[in-house]
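One structure is given below, encoded as structure tokens.
4 protein chains.
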Amino acid sequence: MRALVINCTLKPSPAPSNTEALADVVSAELRRRGVEVETVRAVDLDIRPGVKTDMGPGDDWPAVHDKLLRSEILVIATPTWVGHPSSVAQRVIERMDAMISETDDDGRPVAYNRVAGVVNTGNEDGAHHVISEVSGALVDIGYTIPGQAWTYWHLGPGAGPDYLDDQTGHDWSDKTGRAMAANLVAVAEALAAHPMSAPPE
Amino acid sequence: MRALVINCTLKPSPAPSNTEALADVVSAELRRRGVEVETVRAVDLDIRPGVKTDMGPGDDWPAVHDKLLRSEILVIATPTWVGHPSSVAQRVIERMDAMISETDDDGRPVAYNRVAGVVNTGNEDGAHHVISEVSGALVDIGYTIPGQAWTYWHLGPGAGPDYLDDQTGHDWSDKTGRAMAANLVAVAEALAAHPMSAPPE
Amino acid sequence: MRALVINCTLKPSPAPSNTEALADVVSAELRRRGVEVETVRAVDLDIRPGVKTDMGPGDDWPAVHDKLLRSEILVIATPTWVGHPSSVAQRVIERMDAMISETDDDGRPVAYNRVAGVVNTGNEDGAHHVISEVSGALVDIGYTIPGQAWTYWHLGPGAGPDYLDDQTGHDWSDKTGRAMAANLVAVAEALAAHPMSAPPE
Amino acid sequence: MRALVINCTLKPSPAPSNTEALADVVSAELRRRGVEVETVRAVDLDIRPGVKTDMGPGDDWPAVHDKLLRSEILVIATPTWVGHPSSVAQRVIERMDAMISETDDDGRPVAYNRVAGVVNTGNEDGAHHVISEVSGALVDIGYTIPGQAWTYWHLGPGAGPDYLDDQTGHDWSDKTGRAMAANLVAVAEALAAHPMSAPPE
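Chains as they are written, first to last, in my numbering: chain A, 1 to 201; chain B, 1001 to 1201; chain C, 2001 to 2201; chain D, 3001 to 3201.
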């Protein structure tokens, strides 16, 4: 079983990413459960604006799209900015929009029988909304969202520290992240054994 | 397999409900696939404000809670008002909040291994948001949301007719509703055969 | 100048309301600036489901509607439940929906030249979203939202204490609440002196 | 009085933009009311990821930031993608985040006494949510949102035509857009005559 973690931080490598730090907790638990995990830092790539799978020469999205199709599990890891998923996360979701009309040999949307979850960090409030926004979009595209397949961290109220700067609450976020990993694996395995069919006419 | 449809219209019986009319398309397809379906019209009940499972004498929620625990499939059917899920839908979700800390004999949150989807109608725009809001809340509580487990109807832009008043677009909404039913059943069956476990410590 | 604060807690009187406690900071600052402030606890009233201004005998909404029309300033104070404004807040917004088509003698929607802001408390994350949801609905109805006309409080991550149980962060929430009051008064005064006209044909 | 319209389409020039076509209705009405209007197509610029006003050499944002500070009126025009504001709109909002801590000579956040509104088009549902998301973020930054300072267009349900491809509903969207322009000008003038002060300590 394979998982793709797309880190949607605004900060290019090699800057430390708070979001990746929390996503790494989820990745570690996925690996402990036998999943092969790959992480992509989307801001390091040239992901062109648009809603097609290939936006032409120089577009780095098609390679990410290939990784998505090889992965039963997807984790979108995103910071909160002004209360929303990052522009990089929204770019990723926009590029995934084309998957709504891509089908496999059995006529199933390619996202069927894949599961997804959300990791979120912020220096301020917004997590539940970010998780709903991303989860809702992925359900639209055809991903299944397992129960409690998310974790988050921020301190409140008002603008505060980043995840890597303050240990407060890490226990909760990390434990919730391990539960997320368990739930992603459980539902991915259930769908592998009992897959969804193509939509009825 | 059992499904509970909670119709969150603002209109008490016996007024016709546009939302129920579209939910009935989903219910019919669920029944055709062998599911026993019960519909509750929440506004006809006295569902008290609060976040406990039992808010005291006269509270009609505990009976709905029992139905939820007997049903592998949940459909929240809600109109859009001012761009949001109805106050009745939010009341239902608030009362489900207590389920986050209710566990079964194996230590699993009671919503684990149950699936949910959303039916939405409106006289104006709002469907994707309503679906995300409700789906996000149900994932928080522990429900699994199958890919494309939703349908909706409204015409735009601006305030327009109700579902029962205009046939435009019914084909799309009904077909999407049948796919929703198929996806709910498929994922519910997968989880029945390969259930999620209690969250790791 | 008059302000109406609608407290949308789920708890009937005389239970203490965390949301009201933070709203009281805003009310005190409004009074200090010469505004007459009235607070309504919506859950104590029988506000019927529906989208008309008068839903018939026993409906307590018409009296609240009268208070709205006497007030240049509106404060919606709501707890966060499952990441959303409370069902009581959504009920209030639904009943305000009728105001979209109510006009004054000059053909202006009755909400024009009135301002609104949002107070939010929670035992978990959700404030920015709650504030956006409520503000967005009120803009739809015709209220003007002054810059930074909101305040909130919760601690994170995960479920935590209530506002009245923990002093952490009160300084920030209270100061932000006083700025909210100042901004509501400033924009209400500007609109009183230079009012908006009826929409062009 | 000056207005800046930021078109957040995903399509670089010279491709026709549906969102710009509807924004042009608002711009025409602003001009008719004596406002000087400039439009920026954000995707044509190199707006770097980040939350500072200047992200270094090659960053095109500082020039847009200058335009914002010269404009009493801001219009964010964005398409809906997967139910959300576009990634380009979110990028713009992220870059505006730095304005929260920028103040003028009187200690006022630079967005105070400026007004903003939202234009939205889509090939599917999402307008109310997009408008709330963008408006909520701008209120956070300090912009005032006049009542009914938005317009939108899409047909539903399901994926449908673009604004430039179908005249259905243009009358409503255009009329709503002209009201939006009137309301932006009215509140901008009111704030120019009676400005907000710096937040109290």
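Cβ atoms here follow ideal geometry from the backbone N, Cα and C, with glycine treated the same way.
Let me see if you follow: with CB-CB separation under 7 angstroms, is residue i close to chain D or not?
i, result
"Ser-2086 of chain C", "no"
"Ala-1028 of chain B", "no"
"Gly-2083 of chain C", "no"
"Val-2139 of chain C", "yes"
Could you tell me whether the Cβ of residue i comes closer than 7 angstroms to any Cβ of chain A?
i, result
"Gly-3050 of chain D", "yes"
"Ile-3093 of chain D", "yes"
"Val-3043 of chain D", "yes"
"Ala-1111 of chain B", "yes"
"Ser-2071 of chain C", "no"
"Met-1055 of chain B", "no"
From which residue to which residue does the beta strand (DSSP E) around residue i run?
i, result
"Trp-2077 of chain C", "Note on identity: in this sequence residue 2077 of chain C is Ala, with Trp being the wrong assignment. It spans 2073 to 2081 - the beta strand (DSSP E) in which Ala-2077 of chain C sits, taken as one unbroken run."
Would you list the one or two residues that DSSP bridges to residue i?
i, result
"His-1084 of chain B", "B:Trp-1081"
"Tyr-1152 of chain B", "B:Asn-1120"
"Leu-3004 of chain D", "D:Glu-3038 and D:Leu-3074"
"Thr-1144 of chain B", "B:Val-1115"
Over what stretch of residues does the alpha helix (DSSP H) that includes residue i continue unbroken?
i, result
"Asn-1183 of chain B", "1170 to 1193"
"Asp-1106 of chain B", "No alpha helix (DSSP H) contains Asp-1106 of chain B, which DSSP labels as neither H nor E."
"Ala-21 of chain A", "18 to 32"
Indicate whether at least one CB of chain B lies closer than 7 angstroms to the CB of residue i.
i, result
"Asn-120 of chain A", "no"
"Gly-3126 of chain D", "yes"
"Asp-2097 of chain C", "yes"
"Pro-79 of chain A", "no"
"Ser-3101 of chain D", "no"
Looking at chain C, is there any beta carbon in it that lies within less than 7 angstroms of the beta carbon of residue i?
i, result
"Trp-61 of chain A", "no"
"Val-3130 of chain D", "no"
"Gly-3136 of chain D", "yes"
"Met-3001 of chain D", "no"
"Ala-197 of chain A", "Sequence check: residue 197 of chain A is Ser here, not Ala. Taking Cβ atoms only, chain C never reaches closer than 7 angstroms to Ser-197 of chain A, which makes this a no."
Quick check on this structure: which residue in the options has the alpha carbon closest to the alpha carbon of residue i?
i, options, result
"Ala-2198 of chain C", "D:Ala-3179, D:Met-3196 and D:Ala-3042", "D:Ala-3179"
"Asp-97 of chain A", "D:Thr-3103, D:Gln-3090, D:Val-3082 and D:Asp-3104", "D:Val-3082"
"Asn-183 of chain A", "A:Val-26, A:Ala-89, A:Glu-36 and A:Val-88", "A:Val-26"
"Val-35 of chain A", "A:Gly-158, A:Arg-91, A:Asp-59 and A:Ala-186", "A:Ala-186"
"Val-1134 of chain B", "B:Asp-1125, B:Glu-1124, B:Asn-1123 and B:Ala-1149", "B:Ala-1149"
"Ala-23 of chain A", "A:Ala-190, A:His-194 and A:His-170", "A:His-170"
"Trp-2153 of chain C", "C:Gly-2142, C:Leu-2138, C:Ala-2159 and C:Trp-2172", "C:Trp-2172"
"Arg-3033 of chain D", "D:Ile-3073, D:Thr-3053, D:Ala-3021 and D:Pro-3012", "D:Ile-3073"
"Glu-3094 of chain D", "A:Ala-3, A:Pro-85, A:Pro-195 and A:Arg-95", "A:Pro-85"
"Tyr-163 of chain A", "A:Asp-104, A:Ala-181, A:Asp-125 and A:Thr-144", "A:Asp-125"
"Arg-2002 of chain C", "C:Pro-2016, C:Lys-2052 and C:Leu-2030", "C:Leu-2030"
"Ala-2041 of chain C", "C:Ile-2006, C:Arg-2070, C:Ala-2063 and C:Ser-2087", "For clarity, residue 2041 of chain C is Arg in the given sequence; the question names Ala instead. Ranking C:Ile-2006, C:Arg-2070, C:Ala-2063 and C:Ser-2087 by Cα distance to Arg-2041 of chain C puts C:Ile-2006 first."
"Val-1088 of chain B", "C:Ala-2015, C:Pro-2049, C:His-2194 and C:Leu-2138", "C:Pro-2049"
"Glu-201 of chain A", "A:Ala-111, A:Gly-107, A:Ala-193 and A:Met-55", "A:Gly-107"
"Thr-3039 of chain D", "D:Gly-3147, D:His-3128, D:Ala-3190 and D:Thr-3078", "D:Thr-3078"
"Asp-66 of chain A", "A:Thr-19, A:Ala-111 and A:Pro-57", "A:Ala-111"
"Arg-1091 of chain B", "B:Cys-1008, B:Gly-1117, B:Val-1118 and B:Pro-1016", "B:Cys-1008"
"Thr-1151 of chain B", "D:Thr-3151, D:Pro-3157 and D:Pro-3146", "D:Pro-3157"
"Gly-147 of chain A", "B:Ser-1132, B:Thr-1176, B:Gly-1122 and B:Ala-1116", "B:Ala-1116"
"Thr-2080 of chain C", "C:Gly-2122, C:Ala-2028, C:Leu-2068 and C:Met-2099", "C:Gly-2122"
Considering only heavy atoms of the ligand MN, does any lie closer than 6 angstroms to the CB of residue i?
i, result
"Gly-1158 of chain B", "By its list of ligands, the structure shown contains no ligand whatsoever, and the ligand MN lies outside what it can speak to."
Near-chain A residues of the region 2142 to 2168 of chain C - C-beta to any C-beta below 8 angstroms = Tyr-2152, Trp-2153, His-2154, Leu-2155, Gly-2156, Pro-2157 and Gly-2158
query = Relative to chain B, which residues along the region 178 to 194 of chain A have a C-beta separation below 8 angstroms, given in chain order?
reply = Arg-178, Ala-179, Ala-182, Asn-183, Ala-186, Val-187, Glu-189, Ala-190, Leu-191, Ala-193 and His-194
inquiry  = Taking beta-carbon pairs under 7 angstroms, can you tell me which members of the region 1011 to 1040 of chain B lie near chain D?
reply    = none
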